[in-house]
Each structure stands twice: as structure tokens, then as C-alpha cells.
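For reference, the structure is listed below as C-alpha cells.
Numbering (this note's numbering), first residue to last: 108 to 651.
Encoded structure:
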């Protein structure tokens with residue numbers, strides 16, 4: 108039913124042999140081992156830091172990893188790439204109109220503007236929904252199976268390419284996370300955890316982040332989906348990539364946090380930075396996107412914008428308006444702290460005004476949008492009053508920029524509403540409005556008694572007054588004026604994608620049960636030969 112995502116990339120050899128294990132776990136040592144070379148992007152961003160402490164004491168060299176990060180992208184004959192222009196761009200005040208017109212002609216419009224229709228890649232692995240965090244734990248990965256079932260029942264799969272992501276290798280996860288943390292996640296099991304009390308405390312694997320069966324495989328799948336999504340965007344194979352299993356934004360370099368073990372968003376952004384000078388990260392989860400913000404707090408190559416509940420000891424307790432980034436990253440972290448009960452009108456008005464200004468000034472080459480559904484009304488852990496239509500309007504607005512877009516899930520703890528929301532937003536991304544009545548599907552009973560997409564508003568009072576929201580907007584706009592230009596980066600050779608080996612089927616033991624990943628290679632999609640928008644038969648006239 109799926110295409111194997113790993114097969115979509117040209118096999119190349121990894122250059123991670125540039126870094127020793129010691130270098131991977133300690134950023135500072137990279138300078139000593141490779142003094143004459145620019146730091147490769149595969150290094151982690153920061154050295155290990157104590158839990159709940161922002162890495163303000165990190166070396167000034169930590170941002171060099173992004174300053175010298177490789178950058179490459181598809182060239183358009185006859186045009187200059189925007190990234191090749193001087194940084195900062197010269198002011199046109201007092202300059203001749205001829206120069207201004209010349210630069211306008213030489214810089215091409217976004218690639219997606221040249222295409223007649225957007226191409227969507229969708230990543231899903233049913234195994235990710237079969238894990239169990241434990242009794243009474245609010246995180247229910249089964250919501251992903253429900254979402255996928257709804258997507259199929261509405262026929263949205265006919266307008267996308269569906270891929271089963273590869274399972275991210277430990278060395279891929281160590282591009283951001285410390286090698287010792289990744290190794291511990293790899294070997295710990297529910298049956299052995301009683302032998303590792305000290306490590307469990309050190310890595311925060313307790314209470315909110317329990318050890319459960321197939322935990323590491325779960326992390327590999329959702330992280331692999333986001334990494335694969337970023338790679339397809341990088342190679343121009345799609346305009347929009349969707350991984351609803353991703354979006355676990357709380358995980359830190361050396362510890363789990365808030366139900367998140369591996370920060371797939373950081374890994375995906377690092378992948379995008381190989382080809383894009385600037386990446387914009389937008390987070391509409393009810394919880395602050397602290398893990399992503401912390402990872403890029405000292406760089407201007409990633410701008411993070413988080414809309415979240417703040418105050419009243421609400422988790423994770425970060426994301427104040429005054430947290431704006433430091434050093435090169437000053438003014439490139441934007442926090443929008445909100446109060447209980449914010450509704451569609453208030454949220455979308457503020458969202459559109461801030462994001463439109465950010466895109467205008469920052470000129471991102473790619474956007475990552477985290478669509479945590481715990482900001483919906485009635486969420487088990489949330490306190491906002493957004494409808495699915497209001498939540499989806501944010502997705503629709505970002506899509507209209509026609510910038511390469513990576514969309515992930517995130518929080519969301521009323522699972523039937525999560526499935527409703529992400530299905531509607533899949534429809535938005537493929538330009539397909541959905542009827543309110545839910546078609547028959549594998550999980551129909553979860554949507555009783557009305558079997559509709561719409562959800563009722565909650566009775567939570569909106570504590571966000573017009574004056575409060577206006578004050579937030581004014582302060583953010585003032586700080587955006589401090590951004591003098593869209594930051595650039597020098598061109599470098601791009602490290603190749605990881606080589607994902609194919610197993611030799613002739614050597615496989617015939618008595619062994621074939622796993623799902625192998626089986627998928629021999630099964631075409633149900634609609635492999637359907638008469639749809641993406642059917643290549645429509646393009647046969649263009650064949651040589």
C-alpha cells in the first residue's frame with residue numbers, strides 16, 4: 108500500500124565518518140579535530156546542558172555550525188538564486204530604478220509559483236499507532252491510525268503520494284541528540300529499566316515519559332517520517348510534505364520531555380538547512396515549542412514562532428514574550444503567550460498579522476508547521492477554544508505563501524477530535540473541502556453519536572482581551588523591525604543524504620516471516636492505476 112521512502116533518494120555514501128563518537132557528543136572538540144574545515148551540519152547544536160536550563164553558557168562557536176552549514180538547491184537557468192545576493196541586501200533608497208528593476212528580474216519567484224499544481228507527499232506507518240504509553244497516560248498514538256482511516260475514507264489519498272518512512276538510524280538521531288542519550292533509548296526496555304534508575308532520572312524517562320515496549324522503534328518511525336519529508340522537499344520532489352506522527356517539540360538534546368523522546372522537528376529543520384538559508388518554524392500547539400526554540404536560540408538561520416498558553420504553571424513554563432533569542436539569534440525567537448479560552452476570531456487574526464509580517468521580513472526558504480491539536484476546544488489537556496475550522500484556517504493561510512512546507516502533528520489528547528482535525532487539514536493541503544458527515548470507516552464508532560467533523564465549542568471564558576492581544580502584537584511588531592535583513596549563508600558542498608540499504612531478498616530465510624516494510628515493496632496502492640489528478644498517464648503526451 109505504500110512506497111518505501113528510503114527508495115526515493117539517490118544512494119550515496121554518508122560523510123558522518125568525518126566525526127568521531129567523541130566529536131558527536133561534544134561540539135567543542137570538533138574545532139580541535141578539524142581546525143581548518145567548516146563544521147559539518149551533522150554535528151549537534153549544543154553540548155549537554157542540565158535539565159530545564161537554557162544553554163545560555165554555550166560557546167559562541169555553537170552558532171558557527173549553522174553559519175557554515177552547507178547550502179544547495181535547484182538552480183533555474185537565467186536566474187540568480189536569492190541566496191547568492193549580498194547579505195544584507197543593499198538598500199534601494201536613493202538607488203537607480205534600473206538597479207531595482209534588474210534585481211527584480213534576476214531573482215526568480217518561488218519554485219512552487221512556477222508549478223501548475225502542488226505535489227503532496229504523505230508519510231504514514233501503521234506501526235506507529237500500535238504502541239502503548241501505559242494506563243491513564245494521555246498520549247494515545249492510536250489517534251494516528253484513526254486519522255489515516257479518515258483520510259482514506261474521504262479519498263484524500265488519491266491526491267497525494269503515500270510513503271512509509273524509513274526508520275531513522277541512531278546516527279541520524281545523533282545529528283541533534285547526544286550519542287549517549289540515543290544509545291540509552293536504543294537499549295532500555297520495560298524489563299530492564301529497574302537496573303538503570305540513575306540513567307532514567309538523568310534522561311527524564313519517568314512519569315510523563317515512561318519506558319514502554321517498542322519505544323525506540325516508535326521514535327525511529329516518527330523521526331524518519333519528518334526527515335524523509337524534509338529530504339523530498341529539498342530535492343524538489345514535492346511542494347508540501349505531511350507527517351502527522353511527527354511534531355514532538357519538547358524533546359531536548361539530552362533528555363525526554365512532555366511525552367517527547369526524539370525531537371523530529373529539529374532533525375527535519377537541520378535537514379532543510381542543507382538546502383535553504385532560512386527556515387521558519389511555526390507552532391500552534393497549546394504548549395510552548397520549547398525544544399525547537401532552545402535548539403535554535405542562538406542562530407538567525409531559523410526563526411521560531413510559537414502561539415501557546417503561558418502562565419498559571421502551565422507546562423512547560425517557558426515561552427514568555429520577552430524570550431526573543433540571543434547573540435546571532437536575537438529577535439529570531441518569537442513567543443505569543445496566550446491565556447485561557449482564546450477563540451477562532453482572536454487567534455486567527457493575531458496569527459495572520461504576525462505570520463504575514465514574519466514571512467515578509469524573514470523570507471524563509473522553507474516553512475515547518477507544527478499543528479498540535481491540543482489547542483482545540485474540549486481537549487483533554489488543553490485550555491483553548493478553537494474550532495477545527497479555526498485551527499485549519501492557520502494551515503490554509505500558511506499554505507498560500509507557496510513556500511515549501513513541512514506539516515506535522517503534535518499534541519492532541521481527545522483522539523477522535525485529533526483525527527477530525529488532521530483529516531480536515533489534510534483536505535486543506537490538497538485543496539479538497541470535506542463534507543461534514545463522516546464516511547464509514549474502520550473507527551466509525553469513535554465518532555458517535557453525530558458522526559460529523561465539527562466539534563462543539565467549550566464553555567471556557569476567553570480571558571484574552573482585545574487590549575491584551577493588541578499589546579502583544581505591538582511588541583512583536585516592534586521587535587520585528589530590529590531585523591535588518593534576511594540572513595544569508597555562504598555556499599558549501601552539501602553532505603549527501605544517508606544511504607538506506609536495501610536487503611538482498613535472495614538471501615532472506617524463506618522460513619522467516621516477512622516484515623511489513625518488506626511486504627509493502629511488493630504491494631501497489633489500491634489506487635495505483637486510478638484515474639486521478641496525479642496519474643502519470645495524463646502526462647504521456649510529454650514523453651519523449
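Idealized CB from N, CA, C, for every residue including glycine.
Check whether residue i and residue j have beta carbons under 8 Å apart
| i | j | result |
| --- | --- | --- |
| residue 407 | residue 382 | no |
| residue 320 | residue 238 | yes |
| residue 328 | residue 481 | no |
| residue 249 | residue 459 | no |
| residue 323 | residue 293 | yes |
| residue 531 | residue 560 | yes |
| residue 570 | residue 447 | yes |
| residue 516 | residue 478 | yes |
| residue 412 | residue 441 | yes |
| residue 422 | residue 335 | no |
| residue 385 | residue 472 | yes |
| residue 657 | residue 410 | Beyond the ends of the chain as shown, which are 108 and 651, falls residue 657; an answer cannot be given. |
| residue 514 | residue 536 | yes |
| residue 282 | residue 380 | no |
| residue 437 | residue 587 | no |
| residue 256 | residue 550 | yes |
| residue 402 | residue 251 | no |
| residue 232 | residue 272 | yes |
Local conformation of residue i per DSSP, three classes
| i | result |
| --- | --- |
| residue 154 | Any reading at residue 154 needs caution, since the residue's pLDDT is 31, under 50, leaving its predicted position unreliable; the model's value is listed next. Correct three-state label for residue 154: coil. |
| residue 414 | strand |
| residue 460 | helix |
| residue 385 | coil |
| residue 477 | strand |
| residue 557 | coil |
| residue 317 | coil |
| residue 571 | coil |
| residue 338 | helix |
| residue 326 | helix |
| residue 277 | helix |
| residue 486 | coil |
| residue 527 | helix |
| residue 350 | strand |
| residue 397 | helix |
| residue 515 | strand |
| residue 311 | coil |
| residue 286 | helix |
| residue 421 | coil |
| residue 588 | coil |
| residue 454 | helix |
| residue 549 | coil |
Option in the options with minimal Cα separation from residue i
| i | options | result |
| --- | --- | --- |
| residue 275 | 429, 555, 374 and 349 | 374 |
| residue 387 | 579, 244, 240 and 475 | 475 |
| residue 309 | 534, 227, 490 and 359 | 359 |
| residue 508 | 313, 346 and 518 | 346 |
| residue 529 | 499, 543, 539 and 590 | 499 |
| residue 590 | 338, 431 and 288 | 431 |
| residue 577 | 461, 351, 378 and 484 | 461 |
| residue 520 | 463, 548, 244 and 228 | 244 |
| residue 405 | 356, 259 and 435 | 435 |
| residue 544 | 562, 538 and 533 | 562 |
| residue 429 | 260, 579, 604 and 284 | 579 |
| residue 372 | 337, 307 and 604 | 337 |
| residue 247 | 254, 256, 236 and 581 | 236 |
| residue 505 | 455, 415, 417 and 451 | 455 |
| residue 226 | 232, 604 and 265 | 265 |
| residue 491 | 558, 416, 354 and 295 | 416 |
Cβ neighbour criterion (16 or more within 10 Å) applied to residue i
| i | result |
| --- | --- |
| residue 453 | buried |
| residue 573 | exposed |
| residue 501 | buried |
| residue 267 | buried |
| residue 457 | buried |
| residue 280 | buried |
| residue 333 | buried |
| residue 228 | buried |
| residue 302 | exposed |
| residue 80 | The shown model of the chain, from 108 to 651, leaves out residue 80, and the question about it has no answer. |
| residue 241 | exposed |
| residue 313 | exposed |
| residue 542 | exposed |
| residue 224 | exposed |
| residue 357 | buried |
| residue 533 | buried |
| residue 298 | exposed |
Cβ contact check for the region 389 to 397 and the region 548 to 566: 3 or more pairs under 8 Å: no
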